[in-house]
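Written out below as C-alpha cells is the structure these notes cover.
Written out as C-alpha cells, the structure is:
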C-alpha cells in the first residue's frame with residue numbers, strides 16, 4: 001500500500017460547513033478553527049457555509065459540494081450529539097456511497113483522553129460520495145482540533161504512508177495537467 005503515499009504534498013480543496021441553530025459567522029469558533037487548521041496545513045478553503053440544524057438544509061449544502069468539481073473534502077462541525085436538534089448523521093448518511101467505518105470509532109478513542117466517557121456521546125462519522133470525503137465532527141473548537149490533529153491532518157496529507165485519502169479523491173484539472181508534465 002506504500003504506493004498510495006506520494007513524496008510531495010498535494011494541497012486539497014476543502015469546504016467547511018458549520019451546523020448550528022445558535023451560531024453566526026461572527027461567533028463560529030468551531031468552523032473558524034477548521035478553516036485555520038486546514039489552511040495552516042497548506043490546503044485550500046474553497047467554500048464555507050453555516051446552516052441551521054435542519055436535515056434538508058444540511059443535505060442541500062453538502063449535496064451541492066459533492067457535485068462541485070472543485071471540492072475534494074467536506075468538513076462539517078456540529079449536530080453530532082444526542083439532542084433533539086442534532087441531525088447531522090441522519091442528514092449525511094444517505095448521501096454517502098461508502099462509509100469510513102473507523103472514523104467515528106477512532107475519533108471517540110482519541111477524544112477519550114481529553115473528555116473521558118463523554119466521548120461516547122459523539123456521533124462523528126465520515127464517508128465518501130462522488131469522490132469527495134465527507135467528515136462530520138462535533139461542534140466545539142476542541143473537538144475540531146482533536147479531529148484535525150489526531151486524524152485528518154495525516155489522512156489528508158498525500159505524503160502519509162502507508163496510505164491516506166488523497167488518492168481516493170476527485171482529481172482536479174490542475175493535478176491532471178501537473179501529472180502529465182504540464183500538458184492536459
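Numbering (the UniProt record's numbering), first residue to last: 1 to 184. All residues carry an ideal CB built from backbone N, CA and C; glycine is no exception. Small disclaimer: the values here were computed from a predicted structure and weren't measured.
Does residue 84 pass the burial test, meaning 16 or more other C-beta atoms within 10 Å, or should it be called exposed? Reading the chain shown from its first residue, position 84 is the one you call residue 84. Classification of residue 84: exposed, given that the 10 Å Cβ count is below 16.
Taking the beta carbon of residue 155 as the centre, do at least 16 other beta carbons fall within 10 Å, making it buried, or is it exposed? If you number the chain shown from 1, residue 155 lands on position 155. Flag for residue 155 reads buried.
Alpha carbon to alpha carbon, how far is residue 74 from residue 11? Give it in angstroms, no decimals. Reading the chain shown from its first residue, position 11 is the one you call residue 11. Reading the chain shown from its first residue, position 74 is the one you call residue 74. The straight-line gap from Cα to Cα measures roughly 14 Å.
From residue 63 to residue 112, what distance separates their C-alpha atoms? Mapped onto the chain shown, residue 63 falls at position 63. Mapped onto the chain shown, residue 112 falls at position 112. Approximately 32 Å, taken between the alpha carbons.
For chain C, find out if any of its Cβ atoms is closer than 9 Å to the Cβ of residue 71; answer yes or no. The structure shown contains no chain C, having only a single protein chain.
Starting from residue 163 and walking both ways along the alpha helix (DSSP H), at which residues does that stretch end? What you label residue 163 is simply residue 163 of the chain shown in a count that begins at 1. No alpha helix (DSSP H) contains residue 163, which DSSP labels as neither H nor E.
On the premise that residue 72 lies in contact with residue 151, defined as a C-beta separation below 8 Å, what is that separation, rounded to the nearest angstrom? Taking the chain shown and counting its residues from 1, the one referred to as residue 151 is at position 151. Taking the chain shown and counting its residues from 1, the one referred to as residue 72 is at position 72. In fact, because the Cβ distance is near 17 Å, the residues do not count as touching under 8 Å.
Consult DSSP for residue 26 and reduce its assignment to one of helix, strand or coil. Here the question's residue 26 lines up with position 26 in the chain shown. DSSP places residue 26 in coil when its eight states are reduced to three.
Residue from 97, 53, 107 whose Cα sits closest to the Cα of residue 91: Within the chain shown, the letter at position 91 stands for residue 91. Closest by alpha carbon: 53.
For residue 28, does the count of other Cβ atoms within 10 angstroms reach 16, so buried, or fall short, so exposed? Here the question's residue 28 lines up with position 28 in the chain shown. By the 10 Å Cβ count, residue 28 comes out buried.
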